[in-house]
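Position in the sequence shown counted from 1, then plus 10, gives you the working numbering.
Idealized CB from N, CA, C, for every residue including glycine.
See structure below.
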Amino acid sequence: MKELQGFVEHLLLLRGGAPLDTCHLCLLDLEDDDDDMRRIRLWICHALMCKVRVLSLTTNFIGYPDTWTAAYMDGLPLMSQHLRRLELCRVHLRARFADFSRCPTLEVLKIKECDIYVAKILSQSLKFLSITDICVFRCSDRVHFYAPNLV
11 MKELQGFVEH LLLLRGGAPL DTCHLCLLDL EDDDDDMRRI RLWICHALMC
61 KVRVLSLTTN FIGYPDTWTA AYMDGLPLMS QHLRRLELCR VHLRARFADF
111 SRCPTLEVLK IKECDIYVAK ILSQSLKFLS ITDICVFRCS DRVHFYAPNL
161 V
């Protein structure tokens with residue numbers, strides 16, 4: 011991660027806020043490090059500020075699948091007027107991160123191999139939802155989906 015850090019930050023920051031259509035972050039062989047988790051969240055926030063339309067995050071930690079560690083997505087909820095598609099793989103989803111009500115154009119949400127620590131997932135605009143490949147709901151027996159436009 012340390013080797014990649016400078017490259018990604020220069021790439022994102024040197025864009026000068028120019029719009030970004032697609033951002034795929036595929037981070038492999040990560041260590042369980044709080045600084046790395048903050049950095050990943052910072053990169054996501056910066057991509058959102060660049061009006062990204064498609065955002066994909068895949069994490070793979072050293073020792074996976076023998077040890078289950080994933081990037082923690084928590085803190086402030088996602089906020090974007092432009093995000094249309096979000097794909098998450100091997101990520102821990104926390105309550106505020108699963109509130110997509112501040113993403114009014116989000117239509118596609120794909121969640122794969124994630125630990126989901128939420129009681130509800132909110133989105134007025136979501137049309138397609140996919141939760142696959144050993145996603146585990148940790149918060150309660152039932153997760154409520156508030157997505158009236160699912161097709």
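For residue i, does the three-state DSSP call read helix, strand or coil?
{"i": "GLU117", "result": "coil"}
{"i": "TYR156", "result": "strand"}
{"i": "PHE17", "result": "helix"}
{"i": "CYS99", "result": "strand"}
{"i": "LEU24", "result": "coil"}
{"i": "SER66", "result": "strand"}
Beta-carbon separation of residue i and residue j under 7 Å?
{"i": "PHE107", "j": "LEU116", "result": "no"}
{"i": "HIS92", "j": "LYS120", "result": "no"}
{"i": "HIS102", "j": "LYS130", "result": "no"}
{"i": "LEU132", "j": "LEU96", "result": "no"}
{"i": "LEU30", "j": "HIS56", "result": "no"}
{"i": "THR69", "j": "ARG100", "result": "yes"}
{"i": "CYS149", "j": "VAL128", "result": "yes"}
Would you kindly work out how many angstroms separate the C-alpha atoms of residue i and residue j, rounded to a whole number?
{"i": "LEU38", "j": "ALA28", "result": "27 Å"}
{"i": "ARG112", "j": "MET59", "result": "13 Å"}
{"i": "CYS33", "j": "VAL161", "result": "25 Å"}
{"i": "HIS20", "j": "ARG152", "result": "42 Å"}
{"i": "LEU35", "j": "LEU139", "result": "20 Å"}
{"i": "GLU41", "j": "ARG94", "result": "30 Å"}
{"i": "TRP53", "j": "PRO114", "result": "21 Å"}
{"i": "ASP44", "j": "ALA105", "result": "19 Å"}
{"i": "CYS124", "j": "MET47", "result": "16 Å"}
{"i": "ARG63", "j": "VAL118", "result": "11 Å"}
{"i": "LEU67", "j": "ILE50", "result": "9 Å"}
{"i": "SER90", "j": "SER135", "result": "12 Å"}
{"i": "GLN15", "j": "LEU24", "result": "14 Å"}
Which residues does DSSP pair with residue i in a beta bridge?
{"i": "ARG104", "result": "TYR127"}
{"i": "VAL146", "result": "ASP125"}
{"i": "SER133", "result": "SER133 is not bridged to any residue."}
Which residue comes first and which comes last in the beta strand (DSSP E) that contains residue i?
{"i": "ASP39", "result": "32-40"}
{"i": "ILE141", "result": "138-142"}
Please list the terminal residues of the continuous alpha helix (DSSP H) segment that includes residue i.
{"i": "MET89", "result": "Neither: MET89 is in no alpha helix (DSSP H) and is coded neither H nor E."}
{"i": "CYS55", "result": "44-59"}
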